[in-house]
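**Student:**
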Amino acid sequence: MSQSDLVKRQFGHRARLALSPAQVLKTDDQAHAARTMWNLLHAWWLMMPKEKRTLANADTAIRQAREDIDFLAVLPAQAAQAVLKTYFLAWRNCWDGRADAPNFKGRFRTMMSVDIPQGRDLNITRVHRRWGMVNIPRVGRVRFRWTKDLPVGKRAGAENRITGARLVKDALGWHIAFRVQTLEAKPEPHQGPEVGIDVGVAVPLALSDGETYEHGDWLTGKEKTRLLHLEQRAAQRKRHSSSGKRTSRRLHRTYDRIAGLRAKAKRRALDWQHKTTTHIARTYGTVVVEALTITNMVKSAKGTVEEPGKNVAQKSGLNRSISGEAWGRTVTMLAYKTAQYGGTLHKVPAPGTSLRCSACGFTTPRNRESQAVFVCKNPDCGWSGNADHNAARNILHLYRMGLALIPAAGRAVVRRAKRVKPAAAR
Numbered sequence: 004m005s006q007s008d009l010v011k012r013q014f015g016h017r018a019r020l021a022l023s024p025a026q027v028l029k030t031d032d033q034a035h036a037a038r039t040m041w042n043l044l045h046a047w048w049l050m051m052p053k054e055k056r057t058l059a060n061a062d063t064a065i066r067q068a069r070e071d072i073d074f075l076a077v078l079p080a081q082a083a084q085a086v087l088k089t090y091f092l093a094w095r096n097c098w099d100g101r102a103d104a105p106n107f108k109g110r111f112r113t114m115m116s117v118d119i120p121q122g123r124d125l126n127i128t129r130v131h132r133r134w135g136m137v138n139i140p141r142v143g144r145v146r147f148r149w150t151k152d153l154p155v156g157k158r159a160g161a162e163n164r165i166t167g168a169r170l171v172k173d174a175l176g177w178h179i180a181f182r183v184q185t186l187e188a189k190p191e192p193h194q195g196p197e198v199g200i201d202v203g204v205a206v207p208l209a210l211s212d213g214e215t216y217e218h219g220d221w222l223t224g225k226e227k228t229r230l231l232h233l234e235q236r237a238a239q240r241k242r243h244s245s246s247g248k249r250t251s252r253r254l255h256r257t258y259d260r261i262a263g264l265r266a267k268a269k270r271r272a273l274d275w276q277h278k279t280t281t282h283i284a285r286t287y288g289t290v291v292v293e294a295l296t297i298t299n300m301v302k303s304a305k306g307t308v309e310e311p312g313k314n315v316a317q318k319s320g321l322n323r324s325i326s327g328e329a330w331g332r333t334v335t336m337l338a339y340k341t342a343q344y345g346g347t348l349h350k351v352p353a354p355g356t357s358l359r360c361s362a363c364g365f366t367t368p369r370n371r372e373s374q375a376v377f378v379c380k381n382p383d384c385g386w387s388g389n390a391d392h393n394a395a396r397n398i399l400h401l402y403r404m405g406l407a408l409i410p411a412a413g414r415a416v417v418r419r420a421k422r423v424k425p426a427a428a429r
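Rendered as structure tokens:
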């Protein structure tokens, strides 16, 4: 196989860390120092004139900050440099129209993380079948769950290696996300069939060939009962707490338990999405989805004082269901997985796909008799079937008619239009 037939691929692998209490405190201190370093960089950027906003000047500023502020010294120098590079990359993404302008990071609304940019600092070894050991700078040797074979030892090389990692903390504790770089054969064009996919709440994924992908509740009955009990307890303690005073430790522990249950549900949802999207990417060569504007779909229906909204509670429940299905995350996974297996992902306009008859093309709101039943009201047609599968066939029909938007294979969303740099950056 020639070098031109190979392609360099990077992916991440996340594993749970088994930190001791002392190591947890050290890692927390590093994460807080990294967040503070970001905020200091942002304040420096807004304060300096544009001609002095250079990478060299910023590097000098963070070096001086590490000398002047004691608690910033707990952050390794390479992790501080990673914060600097990430901050400049955030501005570059903003100028190119791929993201909003960076802002200050709050203590409680920001995910705690620390970057380890050099893979050689990790010194990964496998202890036995279920556990491995990794070196974390200024923390020490730490065990982690070995759930996937990593390119370490004799398996590592210039073409297959770990280039770095990131420590991330969620409600279930600290995890490490390894950055793995490997050289793979360039995928051949996928020869599988074309398929349209309709996303929904009652039926998460309905395919144009009649296949459906469904899931149960993310929490068991006992876990739901426990979550409800904790939420009621938190509401009661918050109601009896005095305003203006710090939140009690008991209430903080209750919040942590609630977050732990919700994080467990999210993990199960992610597992289902990964398995489902991988199966779809392996089976079909062309995948077509709707270009949904999810942020507009989950807007509140409260309205204003002068013009209050209608069915506010029902709309709130629908919004929670839509957010729980995470349609955008499913499309993101399909985008890079179809590209990985040689397929393509396309997006088509969403309006009218659930109201049009896929057999004759007749469109009217009366065709949709219920959530699951579709009956064409065209006297010459009269076709009936599952409403979700009918919408999926309409989605595929739009693609075959040449109405697809910019192909999204290899990236999650279509790139935004290039915007003018903000005044703060000019």
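Per the working numbering, residue 4 is the first one in the sequence shown, and the count goes up by one each step. For every residue, glycine included, the Cβ atom is placed at its ideal position computed from N, Cα and C.
What are the boundary residues of the beta strand (DSSP E) that Asn163 is part of?
**Tutor:** Within the sequence shown, residue 163 is the residue found at index 160, counting from 1. Per DSSP, Asn163 belongs to the beta strand (DSSP E) from Asn163 to Asp173.
**Student:** Can you check the region 377-412 for any alpha helix (DSSP H) of at least 4 residues that lies completely inside it and give the ranges in chain order?
**Tutor:** Whole alpha helix (DSSP H) segments, 4+ residues: 390-403.
**Student:** I'd like the list of long-range same chain contacts for Gly160, defined as Cβ closer than 8 Å, with 5 residues on each side in sequence excluded.
**Tutor:** On the sequence shown, residue 160 is found 157 positions in, with the first residue counted as 1. The residues are Pro154.
**Student:** Determine the burial state of Gly355: buried for a count of at least 16 other Cβ atoms within 10 Å of its Cβ, exposed for fewer.
**Tutor:** One-based indexing of the sequence shown puts residue 355 at position 352. When all chains shown are included, Gly355 counts as exposed.
**Student:** DSSP three-state label for Gln13, please.
**Tutor:** In the sequence shown, counting from the first residue as 1, residue 13 sits at position 10. Here Gln13 sits in strand by DSSP.
**Student:** What separation, rounded to the nearest whole angstrom, lies between the Cα atoms of Lys302 and Phe107?
**Tutor:** By 1-based counting over the sequence shown, the position of residue 302 is 299. By 1-based counting over the sequence shown, the position of residue 107 is 104. Cα-Cα distance, rounded: 25 Å.
**Student:** Could you name each continuous alpha helix (DSSP H) segment of 4 residues or more that falls completely within the region 209-272, going from the start of the chain to the end?
**Tutor:** With a minimum length of 4 residues, the continuous alpha helix (DSSP H) runs that stay inside the region 209-272 are 224-243.
**Student:** Buried or exposed: which applies to Ala205, given that a residue is buried once 16 or more other Cβ atoms fall within 10 Å of its Cβ?
**Tutor:** Working through the sequence shown from its first residue, we reach residue 205 at position 202. Classification for Ala205: exposed.
**Student:** Just verifying my parser: in three-state terms, what is the DSSP assignment at Met136?
**Tutor:** Within the sequence shown, numbered from 1, the residue matching residue 136 stands at position 133. Reduced to three states, the DSSP call for Met136 is strand.
**Student:** I'd like to confirm the pairing. Which residues does DSSP put opposite Phe365 in its beta bridges?
**Tutor:** For the purposes of this step, residue 365 is taken as residue 362 along the sequence shown, with counting starting at 1. Answer by DSSP bridge pairing: none, since Phe365 is not bridged.
**Student:** Express the C-alpha separation of Thr250 and Asp173 in angstroms, rounding to a whole number.
**Tutor:** Translated into the one-based positions of the sequence shown, residue 173 becomes position 170. Translated into the one-based positions of the sequence shown, residue 250 becomes position 247. For Asp173 and Thr250, the distance between alpha carbons rounds to 20 Å.
**Student:** Take Thr279 as the anchor and find which of Leu222, Ile261, Pro207 and Lys248 has the nearest alpha-carbon.
**Tutor:** Position 276 of the sequence shown holds residue 279. Measuring from the Cα of Thr279, the nearest candidate turns out to be Pro207.
**Student:** Given a cut-off of 8 Å on the beta-carbon distance, is the pair Ser116 and Ala25 in contact?
**Tutor:** The residue you call residue 116 lines up with position 113 of the sequence shown. The residue you call residue 25 lines up with position 22 of the sequence shown. No.
**Student:** Since I believe Val290 is in contact with Gly346 (beta carbons under 8 Å), could you give me their beta-carbon distance rounded to a whole number of angstroms?
**Tutor:** Taking the first residue of the sequence shown as position 1, residue 346 is located at position 343. Taking the first residue of the sequence shown as position 1, residue 290 is located at position 287. Yes, Gly346 and Val290 are in contact; Cβ-Cβ is about 6 Å, under 8 Å.
**Student:** Give me the residue from Glu187, Ala209 and Gly320 with the minimum Cα distance to Ile398.
**Tutor:** Numbered from 1 along the sequence shown, position 395 holds the residue referred to as residue 398. Of the listed residues, the one whose Cα sits closest to Ile398 is Ala209.
**Student:** Ordered along the chain, which non-local residues of its own chain (more than five positions away) have a Cβ less than 8 Å from that of Leu44?
**Tutor:** The residue labelled residue 44 in the question sits at position 41 within the sequence shown. The answer, listed in chain order, is Ala61, Ala64, Ile65, Val86, Leu87 and Tyr90.
**Student:** Is Tyr287 near Gly195, with beta carbons less than 8 Å apart?
**Tutor:** Taking the first residue of the sequence shown as 1, we reach residue 287 at position 284. Taking the first residue of the sequence shown as 1, we reach residue 195 at position 192. Yes; because the gap between Cβ atoms is below 8 Å, this pair is in contact.
**Student:** Indicate whether Ala82 and Leu75 have their beta-carbon atoms separated by less than 8 Å.
**Tutor:** As a position in the sequence shown, residue 82 is number 79, starting the count at 1. As a position in the sequence shown, residue 75 is number 72, starting the count at 1. Going by C-beta atoms, Ala82 is not nearer than 8 Å to Leu75.
**Student:** My guess is that Gly388 and Phe377 are in contact by the Cβ rule of under 8 Å, so how many angstroms apart are they, rounded?
**Tutor:** Counted from its first residue, the sequence shown places residue 388 at position 385. Counted from its first residue, the sequence shown places residue 377 at position 374. Their Cβ separation, rounded to whole angstroms, is 6 Å, which keeps Gly388 and Phe377 in contact under 8 Å.
**Student:** Enumerate in chain order the residues of its own chain whose CB-to-CB distance from Thr324 is below 7 Å, with the five nearest sequence positions on each side excluded.
**Tutor:** Here the question's residue 324 lines up with position 321 in the sequence shown. Checking the displayed sequence, the identity of residue 324 turns out to be Ser instead of Thr. Correct list, in chain order: Val204.
**Student:** Note down, one range per segment and in chain order, each alpha helix (DSSP H) of at least 4 residues found wholly within the region 75-146.
**Tutor:** Listed in chain order, the complete alpha helix (DSSP H) runs (minimum 4 residues) inside the region 75-146 are 80-98.
**Student:** Whole-angstrom Cβ separation of Arg236 and Thr257, contact assumed at under 8 Å?
**Tutor:** For the purposes of this step, residue 236 is taken as residue 233 along the sequence shown, with counting starting at 1. For the purposes of this step, residue 257 is taken as residue 254 along the sequence shown, with counting starting at 1. The pair is a contact, with the Cβ atoms about 6 Å apart (cut-off 8 Å).
**Student:** What is the DSSP secondary structure of Arg66, reduced to helix, strand or coil?
**Tutor:** Looking up residue 66 in the sequence shown gives position 63. Helix, per DSSP.
**Student:** Distance, Cα to Cα, Val27 vs Met40?
**Tutor:** Here the question's residue 27 lines up with position 24 in the sequence shown. Here the question's residue 40 lines up with position 37 in the sequence shown. Going from the Cα of Val27 to the Cα of Met40 covers about 20 Å.
**Student:** Is Ile139 near Val145, with beta carbons less than 8 Å apart?
**Tutor:** Position 136 of the sequence shown, counted from the start, is the residue given in the question as residue 139. Position 142 of the sequence shown, counted from the start, is the residue given in the question as residue 145. Result yes, Cβ atoms of Ile139 and Val145 sit closer than 8 Å.
**Student:** Select from Cys363, Ala394, Asp391 and Arg396 the residue whose C-alpha is nearest the C-alpha of Lys380.
**Tutor:** As a working mapping, residue 380 is identified with position 377 in the sequence shown. Lys380 has its Cα closest to that of Cys363, out of Cys363, Ala394, Asp391 and Arg396.
**Student:** Give a yes or no on whether the C-beta atoms belonging to Arg396 and His178 are separated by under 8 Å.
**Tutor:** Working through the sequence shown from its first residue, we reach residue 396 at position 393. Working through the sequence shown from its first residue, we reach residue 178 at position 175. No; because the gap between Cβ atoms is not below 8 Å, this pair is not in contact.
**Student:** Thinking just about the alpha-carbon of each residue, which of Arg141, Trp149 and Arg110 is nearest to the one in Thr128?
**Tutor:** If you number the sequence shown from 1, residue 128 lands on position 125. Ranking Arg141, Trp149 and Arg110 by Cα distance to Thr128 puts Trp149 first.
**Student:** Kindly give me the distance between the Cβ atoms of Arg38 and Val77, rounded to whole angstroms, as I take these residues to be in contact under 8 Å.
**Tutor:** Along the sequence shown, read from residue 1 onward, the residue named residue 38 stands at position 35. Along the sequence shown, read from residue 1 onward, the residue named residue 77 stands at position 74. Going by Cβ atoms, the distance from Arg38 to Val77 rounds to 12 Å, so no, they are not a contact pair.
**Student:** Rounded to whole angstroms, what is the Cα-Cα separation between Thr341 and Glu191?
**Tutor:** Taking the first residue of the sequence shown as 1, we reach residue 341 at position 338. Taking the first residue of the sequence shown as 1, we reach residue 191 at position 188. Spanning the two alpha carbons is a distance of roughly 12 Å.
**Student:** Take Ala80 as the anchor and find which of Leu348, Asp118 and Leu58 has the nearest alpha-carbon.
**Tutor:** Here the question's residue 80 lines up with position 77 in the sequence shown. Considering only alpha carbons, the answer is Asp118.
**Student:** Measure how close the beta-carbons of Leu233 and Leu222 come, nearest whole angstrom, since I'm counting them as under 8 Å.
**Tutor:** On the sequence shown, residue 233 is found 230 positions in, with the first residue counted as 1. On the sequence shown, residue 222 is found 219 positions in, with the first residue counted as 1. Actually they are not in contact, since the Cβ atoms of Leu233 and Leu222 sit about 12 Å apart, beyond 8 Å.
**Student:** Report the rounded CA-to-CA distance for Thr296 versus His277, giving the unit in angstroms.
**Tutor:** Taking the sequence shown and counting its residues from 1, the one referred to as residue 296 is at position 293. Taking the sequence shown and counting its residues from 1, the one referred to as residue 277 is at position 274. Cα-Cα distance, rounded: 22 Å.
**Student:** Looking only at its own chain, which residues have a Cβ that is under 8 Å from the Cβ of Arg242, when we skip the five neighbours before and after it?
**Tutor:** Within the sequence shown, residue 242 is the residue found at index 239, counting from 1. None.
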